[in-house]
Structures are given as C-alpha cells and as structure tokens.
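In the numbering used here, the protein residues as written are 5 to 185.
C-beta: ideal position from N, C-alpha, C; glycine also.
The model shown is predicted, which means the values in this text are computed figures rather than measured ones.
Report on the structure given below.
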Amino acid sequence: MKKLVVGMVAFVAVLLVYSVMTYNGLVSVNEDVHNKWAQVENNYQRRADLIPNLVNTVKGYAEHESGLLTEITNLRSGYKNADSLKEFDEVDAKLNTMLKLTVESYPSLKANENFMKLQDELAGTENRVAIARKDYNDSVTKYNKKIKRFPTNMFANIFGFDKVEFYTASPGAEKAPNVEF
Numbered sequence: 005m006k007k008l009v010v011g012m013v014a015f016v017a018v019l020l021v022y023s024v025m026t027y028n029g030l031v032s033v034n035e036d037v038h039n040k041w042a043q044v045e046n047n048y049q050r051r052a053d054l055i056p057n058l059v060n061t062v063k064g065y066a067e068h069e070s071g072l073l074t075e076i077t078n079l080r081s082g083y084k085n086a087d088s089l090k091e092f093d094e095v096d097a098k099l100n101t102m103l104k105l106t107v108e109s110y111p112s113l114k115a116n117e118n119f120m121k122l123q124d125e126l127a128g129t130e131n132r133v134a135i136a137r138k139d140y141n142d143s144v145t146k147y148n149k150k151i152k153r154f155p156t157n158m159f160a161n162i163f164g165f166d167k168v169e170f171y172t173a174s175p176g177a178e179k180a181p182n183v184e185f
C-alpha cells in the first residue's frame with residue numbers, strides 16, 4: 005500500500021512538472037508569435053513614416069522646378085515685350101544668368117539624390133516587411149504545430165491556446181491576423 009501511495013505521488017509530481025513545462029513552452033512560443041507580429045507592425049510603421057517624406061521630397065522638387073520654369077518662361081516672354089535692343093539685351097542677360105545659375109546650382113541632383121535615398125529606404129523597408137512577415141509565419145507554424153501535437157494538444161485546449169492564423173498578403177491585410185493578446 006505504501007508503494008502504491010509513493011507511486012501515485014510520484015506520478016502526480018511528474019504529471020505536474022510535465023504540465024508546468026508544457027504550459028511554459030506554450031507560453032514561450034505564443035509570445036514568440038506576438039513578438040514576430042510586433043516586428044511586422046514595426047516595419048509597416050517604418051514604411052508609413054517614410055512615405056510622407058518621399059511625397060514631401062517630390063513635392064518640394066516639383067515646386068522648385070515649377071517656380072524655376074515659371075521664372076524662365078516669364079523671362080522668355082520678355083523677349084517679345086522688349087521695345088529696344090537695350091531691353092532685349094537686358095532680358096537676354098537675365099535669362100542667360102538664370103540659366104547659368106540653374107545649371108551650376110540646380111538642386112535636381114540633391115533633390116534627386118534625396119529622392120533616390122528615400123526610394124532605396126522604402127525598398128529596404130519593403131524587404132524588411134517581407135522578412136518580418138516570413139518570420140511571423142514561421143513562428144505561427146511552430147506554434148500551431150506545437151498546440152496540435154499529442155499530448156501537448158490536451159494542455160493547449162485546457163489552457164486556452166488556440167490556433168493562430170497565418171499572415172496572407174491581400175488588400176487591406178495590414179491589420180493583425182487572428183492574434184489575441
């Protein structure tokens with residue numbers, strides 16, 4: 005009888021230790037899923053932050069170019085309005101000066117360089133997003149496998165660990181999949 009009681013106590017102790025280890029393992033992979041999703045969101049936020057910078061750079065470049073073209077057009081129309089050779093020469097000198105200054109200090113290289121850098125950053129961010137989504141889906145695979153395997157699936161059901169959906173790219177899918185926090 006004493007051996008039976010000791011055996012039962014040992015069995016319960018082993019079952020308890022196994023339950024705690026299984027629960028902690030489930031919590032660990034569950035937290036990994038949440039961490040990976042946070043990385044996806046982080047990269048989407050990075051992309052969202054870059055896009056206004058890209059738009060503002062393009063707007064600034066377009067505004068500068070528009071102002072420059074307007075000024076050159078006004079100077080060119082000065083040719084038609086010149087009543088004398090002196091006025092014509094003045095308009096010509098202003099236009100040539102404007103064109104030379106524009107060629108020498110035209111900010112298109114800088115603006116274009118900034119635009120290209122932002123475009124590269126955006127492309128890099130898109131790559132980060134793709135990697136983060138892949139890492140998230142890998143983590144979901146690991147988690148879902150763990151909660152489906154016997155005997156862990158019994159503990160997962162008891163403790164309320166449910167299947168998590170994979171991230172799938174579709175229009176408007178940038179919100180969290182079925183991930184409960």
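- By the Cβ-count criterion, Y22 is exposed, with fewer than 16 other Cβ atoms from all chains shown falling within 10 Å of its own Cβ.
- F165 counts as buried, since at least 16 other C-beta atoms from the protein chains shown sit within 10 angstroms of its C-beta.
- For the segment 150-177, the full-length alpha helix (DSSP H) segments reaching 4 residues or more read 156-163 along the chain.
- Contact annotation: F154 and Y27 have beta-carbon atoms that are not nearer than 8 Å.
- For M120, the secondary structure class from DSSP, reduced to helix, strand or coil, is helix.
- In its chain, beyond the 5 residues on either side, V37, V168 and F170 have a beta carbon closer than 7 Å to the beta carbon of V144.
- Secondary structure at D87: coil, using DSSP grouped into helix, strand and coil.
- Straight through space, the alpha carbons of K150 and N157 are spaced by roughly 7 Å.
- Distance from the Cα of L126 is smallest, within the candidate group V13, P56 and E45, for P56.
- A distance of 8 Å or more separates the beta carbons of R137 and V33.
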